[in-house]
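Below: one structure, written as structure tokens.
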Amino acid sequence: MVKVVLNKKIQIRIAAGHPWIYANEVATVSGEAKPGDIVDVYYHDNKYVGRGYINPQSQIMVRLLTRKEEAINDDFFYNKINEAWQYRRHTGYTENCRLVFGESDYLPALVIDKFNDYFVIQTLALGMDKFKPSIVNALNKIFSPKGIYERNDVPVRELEGMQQIKGFLSDPFDTDIIIKENGLKFHVDLENGQKTGYFLDQQDNRRAIEHIVKGADVLGAFTYTGTFEIHAAHYGAKSVLGLDISESAVAQANRNAALNNLDHIVKFEAMNAFDVLKQWSKDRRNYDVVMLDPPAFTKSRANIDKAITGYKEINLRGMKMIRNGGFLVTSSCTNLIQPELFLRIIDMAAKDARKKIRQVTYNTQSADHPIVWGWENTHYLKFLIVEVADR
Ligand code: SAH
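According to our numbering, the sequence shown is numbered sequentially starting from 949.
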């Protein structure tokens, strides 16, 4: 097996258990390592670090799969995926969950979402992609699924020299499925929906709006399949309008409203939320509750200022439209915007909107997307509810 030896001076990150080894932390690679090969990693003094897959072209040269000298094979993946499943069962996520959340489950670059009997997988690095058959075997053995679908139509794969693809990893099945969440039903389009088809990371946060929406006029922006808005209607909102730029998301959201017999309360329209928030706040339109859940604004540090401006802008506009004593429900999934920064942005937006805010709820992603302490990039979702009052 190819041997990778680390520099004498390495970040304590690696010794502390982080699975990434950057190219500039490597002293020597002995033997010929092809992209995606399994390699053994050692400290400079020849002490064993662990075993992982290499991509000599990638900035993250090795991603460790284990700290033991164990074979990486069908059994390895079966055990790892089974452990991930046990964790979900212990924490109460059994019907729908992110079954494997990459690094957080010590399976770097692997994502598996479980939608009841259906599974969607993403293998986002070459070294993980090679083990797709082992991963599928494990799922078949543990769950006997009704279907497995691959959503590898993700640009990041090209950086790893792979193609974007999607398709069945089981016998073909109808990819328009219905899932249940908090007593509501949602169509999920596993083939053509965004990402894996549905955002499970907000599943607990959708319940957090239960009390604040009663009798309220609600505006939701960046609604995708309308999950938050349909929850709002279910929890007793008077009226709900949801906006998304994607026509197909809006069609799906309206279908979901009808599926739950809530289409007399909640409606969705295809609009650019940035334009609408700007115009409607100028027009002095008012709502009791405004909910914002935009996509990630940047993946690179170079654009972080733009992302900050974007968050400040939409939250400021949103707050301006909230009636005295109403509520703002706001999220950010931009990894590079850390929680403290997000809260500071909301504070700045409140000041500029001349509003006084009181915190009702602050949450992060649901526990089926575990946050490993010290691994910053596993903590990405910020979810905040504030009461908004006139100053
Ligand atoms: N709240 C949703 C997830 C939203 S994902 C849920 O819980 O499932 C972000 C959404 O923002 C996507 O559906 C995307 O189509 C939409 N979006 C992106 N840019 C937009 C814009 N300028 N105006 C409105 N919607 C936009």
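Think of the CB as a built atom: it goes at the ideal place given N, C-alpha and C, for glycine as much as any other residue. Here the structure is a predicted model, which means the values were calculated and not measured.
Buried/exposed call for residue i, threshold 16 Cβ in 10 Å
i: threonine 1042; result: exposed
i: tyrosine 1066; result: buried
i: serine 1314; result: buried
i: asparagine 1044; result: buried
i: glycine 1145; result: buried
i: glycine 1174; result: buried
i: asparagine 1003; result: buried
i: lysine 957; result: exposed
i: proline 1103; result: exposed
i: arginine 1249; result: exposed
Member of the options whose CA lies at the smallest distance from the CA of residue i
i: aspartate 1316; options: Lys956, Ile1125, Leu1047; result: Leu1047
i: arginine 1037; options: Asn1021, Lys1062, Asn1283, Ile1160; result: Lys1062
i: lysine 951; options: Arg961, Gly1000, Ala963, Glu1098; result: Gly1000
i: tryptophan 1323; options: Pro1103, Asp1137, Asp1241, Asp1053; result: Asp1053
i: asparagine 955; options: His992, Ala981, Met1296; result: His992
i: arginine 1302; options: Gly1184, Gly1258, Gln1034, Ile1270; result: Ile1270
i: glutamine 1151; options: Arg1203, Gly1095, Ala1086, Ser1279; result: Ser1279
i: tyrosine 996; options: Ile962, Gly1174, Gly984; result: Ile962
i: lysine 1215; options: Lys1186, Asn1263, Phe1121; result: Lys1186
i: glycine 1141; options: Asn1251, Ile1126, Ala975, Phe1024; result: Ile1126
i: methionine 949; options: Ala1019, Ala1032, Lys957; result: Ala1019
i: glycine 1131; options: Arg1154, Ala1169, Val1166; result: Arg1154
i: glycine 1184; options: Gly1266, Ile1096, Ser1092, Glu1158; result: Glu1158
i: leucine 1013; options: Gln1034, Gly965, Tyr970, Ala975; result: Gly965
i: valine 1308; options: Ile1252, Glu1129, Glu1335; result: Glu1335
i: phenylalanine 1091; options: Ile1069, Asn1030, Val1059; result: Asn1030
i: isoleucine 1333; options: Pro1318, Lys1247, Leu1240; result: Leu1240
i: aspartate 1165; options: Met1267, Ala1197, Ala1180; result: Ala1180
i: isoleucine 1262; options: Phe1245, Ala1205, Asn1272; result: Phe1245
Distance cut-off 7 Å: residue i Cβ against heavy atoms of ligand 1
i: leucine 1191; result: yes
i: threonine 1175; result: yes
i: tyrosine 1097; result: no
i: glutamine 1313; result: no
i: asparagine 1140; result: no
i: glutamine 1150; result: yes
i: serine 1280; result: no
i: serine 1194; result: yes
i: threonine 1257; result: no
i: aspartate 1241; result: yes
i: tyrosine 1310; result: no
i: alanine 1197; result: yes
For residue i, the residue or residues it bridges with in DSSP
i: asparagine 1088; result: Paired residue(s): none; asparagine 1088 is not in a bridge.
i: valine 952; result: Val977, Val989
i: lysine 1230; result: None; lysine 1230 has no bridge partner.
i: aspartate 1165; result: Ser1187
i: alanine 1218; result: Asp1192
i: tyrosine 970; result: Ile1008
i: arginine 999; result: Asp988, Thr1014
i: phenylalanine 1049; result: Val1059
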